[in-house]
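*Asks:* The structure that follows is given in the form of structure tokens.
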Amino acid sequence: MELGLKLEQQLCFEVYKASSNFTKMYARVLEPYNLTFPQYLVLLVLWEENHLLTKEIGERLGLGIGTLNPIISRMIEHGRISKKQSPEDKRAWIISLTEKAEAEHGPISQAVYEKLVSCNFLDVNALMLMKNLKQLNANFEEMDL
2 MELGLKLEQQ
12 LCFEVYKASS
22 NFTKMYARVL
32 EPYNLTFPQY
42 LVLLVLWEEN
52 HLLTKEIGER
62 LGLGIGTLNP
72 IISRMIEHGR
82 ISKKQSPEDK
92 RAWIISLTEK
102 AEAEHGPISQ
112 AVYEKLVSCN
122 FLDVNALMLM
132 KNLKQLNANF
142 EEMDL
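Here you go:
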């Protein structure tokens, strides 16, 4: 038997399916808040540490400025974040949460948690899965992809 030739034997396919399913699940949870999954990721970064440069958000999420700028623009339009020029570097922009986004932190986090519980994700040894995925991603970073 030749390993790795069949689709169902490919780790990359299972990771792809899991990523796609996570995105769909989060899209459903975030829809009532008029949020996309990438916008939610930006909020997660800012809920953790507010008032970051666009570049810092991009680095934490692994997104380029060209991908991140449209996301930020839509979030500004929806009143979730504000953007002001950095006093140290006129080319850099500081992104901050608005009161609306700060107030939504609890309800959005609760909705996500309830969805994870309802689909039994927390019962599939999520900590071990996260540890393995972090190691996999660290290995990819070392490969300088």
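Numbers given in this note's numbering equal positions in the sequence shown, counted from 1, plus 1. A virtual CB, placed ideally from N, CA and C, is assigned to each residue, including glycine.
Among 113, 103 and 144, which has the Cα closest to the Cα of residue 81?
*Replies:* As a position in the sequence shown, residue 81 is number 80, starting the count at 1. Checking every option, the nearest Cα to that of residue 81 belongs to 103.
*Asks:* What is the DSSP secondary structure of residue 62, reduced to helix, strand or coil?
*Replies:* As a working mapping, residue 62 is identified with position 61 in the sequence shown. In this structure, residue 62 counts as helix in the three-state DSSP scheme.
*Asks:* Determine the closest residue to residue 32 out of 6, 116, 131 and 62, with distance taken between C-alpha atoms.
*Replies:* Taking the sequence shown and counting its residues from 1, the one referred to as residue 32 is at position 31. Looking from the CA of residue 32, the closest CA among 6, 116, 131 and 62 belongs to 116.
*Asks:* Got a sec, what are the start and stop residues for the alpha helix (DSSP H) residue 7 sits in?
*Replies:* What you label residue 7 is simply residue 6 of the sequence shown in a count that begins at 1. Residue 7 -> no alpha helix (DSSP H), and no H or E assigned at all.
*Asks:* Nearest by alpha-carbon distance to residue 97: which of 84, 88, 69 and 108 is it?
*Replies:* As a position in the sequence shown, residue 97 is number 96, starting the count at 1. Taking only the C-alpha atoms, the option nearest residue 97 is 84.
*Asks:* DSSP three-state call for residue 1: helix, strand or coil?
*Replies:* Nothing in the structure corresponds to residue 1, since the chain is present only between 2 and 146.
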